[in-house]
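Note that the sequence shown ends on residue 872 in the numbering used here; no numbers are left out.
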Amino acid sequence: MIDLGLARITALLKHTPQTWRAIHVAGTNGKGSICAYLTAMLRAKNVSCGRFTSPHLIDRWDCITVNDGAVSEAKFRHFEDLVKKRNEEQRLGASEFELLTATAFEIFESEKVEVGVIEVGLGGTLDATNALRQKSVTVISKIGLDHQSFLGSTLEEIASQKAGIMRAGVPCVVDGSNSRSVLDVINDYAAITGATVRFVGPQTSELVQDMHDELEPHQRQNLACAHGAFRLAYPQYAHDTGVFTRAIREMVWPGRLQLLDIERLTGRKAAVLLDGAHNPQSAEVLAAYVDKHLRTDSKPVTYVLAASEGKDLTEILKLLLRPGDSVAAVEFGAVDGMPWVKPMKSNSILDLAAELGVAVSSRLDAHASVQSALEWATRTANEGPLVIAGSLGPTRKETRLSEARSYANLATANSFFGIIPESSSPKVVCEGRALDSYSNVLLSLIQFWQGHGNVWPEQITIVSHAFKRERLVDCHCGAIGFPLDRVNFVGIDPPGMADGTNEAAAKGVVEAVTQWLEDPHGKGNVLAGKRKKRNPWGVSQLLFSTEEGRKRSGVRSEIRKDGQEYLSEGSPQPWSYSN
């Protein structure tokens, strides 16, 4: 249930200071991209920043970042527990989103960020994020019809809700491509509030002009908003467009016009397009991109679609589909922390698609699994364009867990195999970014240093399949320079490995060890290529999120032109010595 209002969130945060300044972003479309652009520019200037956007993409804590890195599950749950306890003690009855917002603000305060980039959840005036006490700039992006049951049935009514984030004396950057009636509402509200308004567009931003040919039209508008807000917050950096251009080019915003490699899942070699278009305005942007870049030679497009209940799907499909296109429909599972969000029935999606010219013979029966839908779509599309679009959410319960969390749960269920006492369970922290066994060792080592007062571990204990000992200990620990006499290994062999009867698996073990012996840090095409395929979401593989942390750690590394960071070979590393 959504119950808008500021009383509960204000009470939750009554004794929480806000020493950081906020850039508050409202609007119907483009909010998340504007927040991502702002974060990229702030980090380019080494400004410590937090970002809070919603909804989350995979796990609840990935909507909260510090210095462009998602907070750890352990940190998130620590502060969430504090907020929930406060809510229960004061009997506030706060909503899930209010609890999440308060958790984000608590984390930003504890991390001592300089700036928090905050995306409005719903509307503006009564949204929980509007409890912010210290705003340096507000931003209003493109406004369209969405969430009418909460915000009003006209653009003007919705605009008045979005304008509620304005504050007296605080400048507000507004997307100048909004309709005249929307701009009038915003102007009127600013006059009453005492805020100053700046309407922006591609023509107002040197940065957008420099990158004009690299951006889609909607991206130009969003970047103009972000750049305008940044210049107001940090006027001393107003004309440093060169460093920002590099930062924007390297930026990845998952789920928005994102190209994915699904060869590992379906065997398809061509990339697929992923976009979370969930209202007519975002569908219009997606349709324009598909028509321009994918419908070459009038090729039909194969879609895998999902939608939330209550969405204007007919209007969305009218914009996306053309006669001859093919459609698969999936239903996402329960959304963690958002129990009110329900999936539209896949048969309903397919019925609407058929009415718009998608032949019944070319559509897929309802599927509960995105895996089977992708396999069908791959066969149907052949080498033609394939697009995954709509309300993004979990399609199978098991995909909610990271590999690390799955192993942690298994260890907990087996009393940690007797290695540590069961009472240590709350102290278990999962490393969530590694894409191969080498990164698993290295990133876990760095995460330990970050979470334990900048101290490196005296010893490492690795629990894995016994047949992986050579790879994990000799190859990986040896490559990163961790003394092997300080490495403990607990090996547990699966059936068929200890007795050598699984010949295919044994052959794979030899092949993997050979690859790592030839390329100890995984820099070559084979091993680096595997990591790339395993990273459709563009998760950062940098060892440290800030240059300050990198220097303080003493780790010697190099960042390549492709943005990948590797240890400097032959250089001593800080964990090589006893603390």
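Every residue gets a Cβ at the ideal spot worked out from N, C-alpha and C, and that includes glycine.
As the structure is a computational prediction, the values presented were derived from the model and not from experiment.
Using a Cβ-Cβ cut-off of 6 Å (strictly less than) and excluding sequence neighbours within five positions of residue i, which residues of its own chain qualify?
| i | result |
| --- | --- |
| V756 | V783 |
| R762 | F782, G784 |
| A727 | N733, L736 |
| D618 | P593, V594, V651 |
| S654 | Summary for S654: the model assigns pLDDT 42, below 50, so the residue's position carries little reliability; its value from the coordinates is reported in the next sentence. So the list is empty, once near-sequence residues are dropped. |
| A570 | A576, L579, A682 |
| G409 | W313, A315, G343, F401 |
| T418 | Q454, G457 |
| R513 | P495, V501 |
| A661 | Residue placement at A661 cannot be trusted, given a pLDDT of 49 that sits under 50; the coordinates are not used to answer. |
| Y330 | L516, A519 |
| M754 | Before going on, a small fix: residue 754 reads as Thr here, not Met. Answer for T754: N781, listed in chain order. |
| Y731 | H769, G815 |
Run through DSSP, which three-state label would residue i get?
| i | result |
| --- | --- |
| R301 | helix |
| D767 | helix |
| E399 | helix |
| H308 | coil |
| T431 | strand |
| S864 | coil |
| R491 | strand |
| V501 | helix |
| V318 | strand |
| N781 | strand |
| V653 | Since pLDDT at V653 reaches only 46, below the 50 mark, its modelled position is unreliable, and the value read off the structure follows with that caveat. Residue state, collapsed to three classes: helix. |
| L448 | helix |
| I753 | strand |
| W313 | coil |
| K816 | coil |
| D481 | helix |
| F390 | helix |
| E724 | coil |
| I436 | coil |
| S869 | helix |
I'd like the list of long-range same chain contacts for residue i, defined as Cβ closer than 7 Å, with 5 residues on each side in sequence excluded.
| i | result |
| --- | --- |
| A646 | L610, L614, V620, R656 |
| K562 | E556 |
| A517 | V493, G494, P495, T497, S498, V501 |
| P616 | G650 |
| K816 | Y859 |
| N480 | V490 |
| S474 | L448, E449 |
I believe residue i touches residue j by the beta-carbon criterion, under 8 Å. Please report the beta-carbon distance rounded to the nearest angstrom.
| i | j | result |
| --- | --- | --- |
| A337 | V722 | Between V722 and A337 the Cβ distance is about 29 Å, and since that is not below 8 Å, they are no contact. |
| L392 | E373 | 7 Å |
| G320 | I436 | 6 Å |
| E602 | K635 | 4 Å |
| N572 | K604 | 7 Å |
| S850 | S861 | 6 Å |
| L299 | A395 | Not confirmed; about 12 Å, so no contact. |
| R824 | D729 | 6 Å |
| V318 | V413 | 7 Å |
| P234 | L350 | What is shown of the chain runs 294 to 872, which leaves residue 234 out entirely. |
| E543 | G856 | 6 Å |
| R845 | V806 | Not quite, the Cβ-Cβ distance comes to about 34 Å (not below 8 Å), so this is no contact. |
| A564 | L552 | 4 Å |
| V780 | V766 | 6 Å |
| I327 | A424 | Actually they are not in contact, since the Cβ atoms of I327 and A424 sit about 20 Å apart, beyond 8 Å. |
| E404 | V359 | 5 Å |
Could you name the residues that DSSP lists as bridge partners for residue i?
| i | result |
| --- | --- |
| K455 | Per DSSP, none; premise fails for K455. |
| E858 | I852 |
| R344 | T358, V410 |
| V734 | Partner(s): none; V734 has no beta bridge. |
| Y596 | V620, V680 |
| Q808 | According to DSSP, which records beta bridges pairwise, Q808 is partnered with nothing at all. |
| P636 | S601 |
| Q551 | L567 |
| A363 | T358 |
| C465 | T431, V490 |
Which residues in the same chain have their Cβ closer than 8 Å to the Cβ of residue i, if we skip the five residues on either side of it in sequence?
| i | result |
| --- | --- |
| A659 | Residue placement at A659 is flagged as unreliable, the pLDDT there being 48, under the threshold of 50; the coordinate-derived value follows with that caveat. Closer than 8 Å at the Cβ level, and outside the excluded window around A659, lie A622, E624, K638, S639, N640, L643. |
| T671 | I555, T559, G560, R561, L679 |
| R426 | Q311 |
Looking at residue i and the ligand NAD, is the gap between the Cβ and the nearest heavy atom below 7 Å?
| i | result |
| --- | --- |
| T673 | Judged by which ligands are present, the structure shown has none, so any question about the ligand NAD falls away. |
So, do the region 414-430 and the region 520-529 have three or more beta carbon pairs nearer to each other than 8 Å? yes
Is the number of C-beta pairs between the region 586-594 and the region 676-685 that are closer than 8 Å three or more? yes
Is the number of C-beta pairs between the region 496-516 and the region 355-370 that are closer than 8 Å three or more? no
Counting beta carbon pairs with one atom in the region 480-490 and one in the region 456-469, are three or more of them shorter than 8 Å? yes
So, do the region 861-868 and the region 762-782 have three or more beta carbon pairs nearer to each other than 8 Å? yes
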